[in-house]
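The structure under discussion appears below in the form of structure tokens.
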Amino acid sequence: MAIKAEHELHKRRFSRNLGVGLALAGFVALMFALSVVKINSVGPVQGFDHAVRPELSEAAK
Amino acid sequence: MTDATVITRDDQGEAGFGDYFALLKPRVMSLVVFTALVGLLVAPAPVHPVVAVASILFIALGAGASGALNMWWDADIDAVMQRTARRPVPAGRVAAQEALAIGLALSGLAVVMLALAANLLAAGLLAFTIFFYAVVYTMWLKRSTPQNIVIGGAAGAFPPMIGWAVATGGVSAESVLMFALIFMWTPPHFWALALFMKSDYHAARVPMLTVTHGRRATRRHILAYTALLVLVSLGLGVTQIGGPVYLTLALLLNALFLRGVWTLWRRNEAAAEADGYRAEKRVFRFSLSYLFLHFGALLAEATLRSFGVGGW
Chain A
3 MAIKAEHELH KRRFSRNLGV GLALAGFVAL MFALSVVKIN SVGPVQGFDH AVRPELSEAA
63 K
Chain B
454 MTDATVITRD DQGEAGFGDY FALLKPRVMS LVVFTALVGL LVAPAPVHPV VAVASILFIA
514 LGAGASGALN MWWDADIDAV MQRTARRPVP AGRVAAQEAL AIGLALSGLA VVMLALAANL
574 LAAGLLAFTI FFYAVVYTMW LKRSTPQNIV IGGAAGAFPP MIGWAVATGG VSAESVLMFA
634 LIFMWTPPHF WALALFMKSD YHAARVPMLT VTHGRRATRR HILAYTALLV LVSLGLGVTQ
694 IGGPVYLTLA LLLNALFLRG VWTLWRRNEA AAEADGYRAE KRVFRFSLSY LFLHFGALLA
754 EATLRSFGVG GW
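Okay, structure coming up:
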């Protein structure tokens with residue numbers, strides 16, 4: 003039997019690799035969207051970033 | 454020139470993506486997605502669309518994972534039954550240990566991700582559902598008691614409760630009644646199937662009620678559970694998530710279902726065999742529409758409420 007470039011086995015491997023790849027890409031996209039929503043749901047967040055912010059002091063609260 | 458010969462290896466373990474997807478029982482998963490989505494949408498608490506989509510995906514993934522665990526454990530009986538012999542594990546396309554690994558990995562992923570996306574209660578309910586289906590039903594009840602699908606049906610009944618928990622973070626009478634609707638629906642649905650697939654279960658030595666107690670007793674049980682199902686279905690109609698649209702449709706569906714089940718109860722085996730179990734097959738098919746339309750009506754009520762016209 004001559005060697006064939008494409009075997010049915012290769013097609014199955016390709017479908018598996020493609021499926022796993024797309025599932026992982028979808029998962030990453032979902033995680034990103036979920037992170038954005040979760041962070042935004044907390045509202046504006048301010049923290050110490052080496053600049054003087056009087057509104058963050060205890061006295062201002 | 455020498456002609457080279459390729460020795461093709463055994464194809465076992467070279468499954469395509471479709472075979473792995475089939476491990477997750479996509480048809481069961483579609484019912485889980487639908488009922489969980491309804492549970493989430495009818496709840497009286499808004500959920501961000503991204504959180505809702507992610508939660509439903511993780512609930513579906515958990516359901517799929519329990520399906521893979523079921524296929525790992527039940528490969529021996531799946532191979533015997535005509536209906537299940539072409540599944541990936543008994544057909545030899547996916548190794549049993551691979552199904553186990555996929556089932557365990559996806560279970561862990563689905564539960565942890567649902568906890569992060571929604572809340573701990575929803576994740577806990579999902580974990581319990583997976584445990585109930587894979588261990589209590591598949592490993593324990595399925596091969597030991599004819600009441601297997603009655604108690605095992607609880608696993609399929611949890612998704613709307615999980616959807617509700619995603620939105621509200623709690624459990625309420627409405628979510629318990631949605632659970633009860635699927636729980637009571639499962640026995641008549643599967644026993645109607647068993648009435649015309651008896652030889653399959655018999656060959657696999659699964660103690661279905663038709664095998665252990667005979668078809669006459671099965672017909673009685675179908676009628677009894679349908680009577681309980683009617684009570685739950687109508688009870689759901691007078692709760693906060695019910696309404697005139699739901700109740701009208703529920704009355705019609707229950708009348709039709711009861712009529713079909715009544716026919717089954719009155720028939721004997723000679724009559725059933727004479728027409729090729731036509732009435733049994735009709736009840737089985739109608740039971741699918743029955744459940745789908747009940748949850749569809751709950752969704753319709755929720756949609757109407759958002760326009761200020763639905764509900765009581």
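Protein sequences, first through last, are from chains A and B. For what it's worth, the numbering used here labels the leading residue of the first sequence as 3, then goes sequentially. For what it's worth, the numbering used here labels the leading residue of the second sequence as 454, then goes sequentially. Think of the CB as a built atom: it goes at the ideal place given N, C-alpha and C, for glycine as much as any other residue.
Check your understanding: In three-state DSSP terms, what is residue 622 (chain B)?
Key -> Coil at residue 622 (chain B), not helix or strand.
**Study point:** Three-state secondary structure (DSSP) of residue 59 (chain A)
**Key:** Coil at residue 59 (chain A), not helix or strand.
Review point. Taking only beta-carbon atoms, is residue 548 (chain B) less than 8 Å away from chain A?
Key: At a cut-off of 8 Å between beta-carbon atoms, residue 548 (chain B) makes no contact with chain A.
Exercise for review: Within its chain, find whatever has a CB closer than 8 Å to the CB of residue 698 (chain B); leave out the 5 residues flanking it on each side and keep chain order.
Suggested key: Closer than 8 Å at the Cβ level, and outside the excluded window around residue 698 (chain B), lie 750, 753, 754, 757 and 763.
Check your understanding: To the nearest angstrom, how far is it from the Cα of residue 27 (chain A) to the Cα of residue 544 (chain B)?
Key -> Distance from the CA of residue 27 (chain A) to the CA of residue 544 (chain B), rounded to the nearest whole angstrom, comes to 30 Å.
Review point. Is the shortest distance between the beta-carbon of residue 570 (chain B) and the beta-carbons of chain A less than 8 Å?
Key: Chain A contact via Cβ: present.
Review point. For the stretch 497-520 of chain B, which residues have a beta carbon sitting closer than 9 Å to at least one beta carbon of chain A?
Key: Under the 9 Å Cβ criterion, the stretch 497-520 of chain B contributes 501, 502, 503, 504, 506, 507 and 510.
Check your understanding: Beta carbon of residue 512 (chain B), beta carbon of residue 579 (chain B): below 8 Å?
Key -> Taking 8 Å as the Cβ cut-off, residue 512 (chain B) and residue 579 (chain B) qualify as a contacting pair.
Point to revise | Reference residue 626 (chain B), options B:571, B:695, B:556 and B:652, closest by Cα | key: The residue with the shortest Cα to Cα distance from residue 626 (chain B) is B:695.
**Study point:** Per-residue burial, residue 526 (chain B) [other beta carbons within 10 Å of its own, 16 or more giving buried]
**Key:** Flag for residue 526 (chain B) reads buried.
Check your understanding: Which stretch, first to last residue, makes up the alpha helix (DSSP H) that contains residue 760 (chain B)?
Key -> Here residue 760 (chain B) belongs to no alpha helix (DSSP H), and DSSP marks it neither H nor E.
Point to revise | Test: residue 575 (chain B) CB closer than 8 Å to a CB of chain E | key: You won't find chain E in this structure, because its protein chains are A and B.
Check your understanding: Does residue 26 (chain A) have its Cβ less than 8 Å from a Cβ in chain B?
Key -> Not closer than 8 Å to any Cβ of chain B, the Cβ of residue 26 (chain A) fails to qualify, so no.
Check your understanding: Going by Cα to Cα distance, which pick from B:603, B:606, B:629 and B:602 is closest to residue 615 (chain B)?
Key -> Checking every option, the nearest Cα to that of residue 615 (chain B) belongs to B:629.
**Study point:** Nearest neighbour of residue 420 (chain B), chosen from B:564, B:523, B:538 and B:732 [CA to CA]
**Key:** There is no way to answer for residue 420 (chain B), as the model of chain B reaches only from 454 to 765.
Review point. Around the Cβ of residue 740 (chain B), are there at least 16 other Cβ atoms within 10 angstroms (buried) or fewer (exposed)?
Key: Answer is buried; the Cβ neighbour count reaches 16.
Practice item. With DSSP collapsed to three states, give me the class of residue 598 (chain B). Key: The answer is coil: DSSP assigns residue 598 (chain B) none of H, G, I, E or B.
**Study point:** Inside the stretch 492-564 of chain B only - alpha helix (DSSP H) runs reaching at least 4 residues
**Key:** Runs of the alpha helix (DSSP H) lying entirely within the stretch 492-564 of chain B, each at least 4 residues long, are 502-526 and 528-533 in chain order.
Check your understanding: Sorted by chain position, which residues of the same chain lie with C-beta nearer than 8 Å to residue 700 (chain B)'s C-beta, five sequence neighbours on each side aside?
Key -> The residues are 687, 690 and 691.
**Study point:** Nearest to residue 487 (chain B) (by Cα), restricted to the options B:470, B:473, B:469 and B:506
**Key:** Of B:470, B:473, B:469 and B:506, the residue nearest in Cα terms is B:506.
Practice item. Let me know if residue 536 (chain B) comes out buried or exposed under the rule of 16 or more other beta-carbons within 10 Å of its beta-carbon. Key: Classified as exposed, residue 536 (chain B) has fewer than 16 neighbouring CB atoms from the shown chains inside 10 Å of its CB.
Point to revise | 8 Å Cβ shell around residue 717 (chain B) - same chain, five flanking residues per side excluded | key: The beta carbon of residue 717 (chain B) is closer than 8 Å to those of 645, 648, 672, 675, 676, 732, 733 and 736 in its chain, skipping five residues each way along the sequence.
Check your understanding: For residue 715 (chain B), which residues of its own chain have a beta-carbon under 8 Å away from its beta-carbon, when the five flanking residues on both sides are left out?
Key -> Correct list, in chain order: 676.
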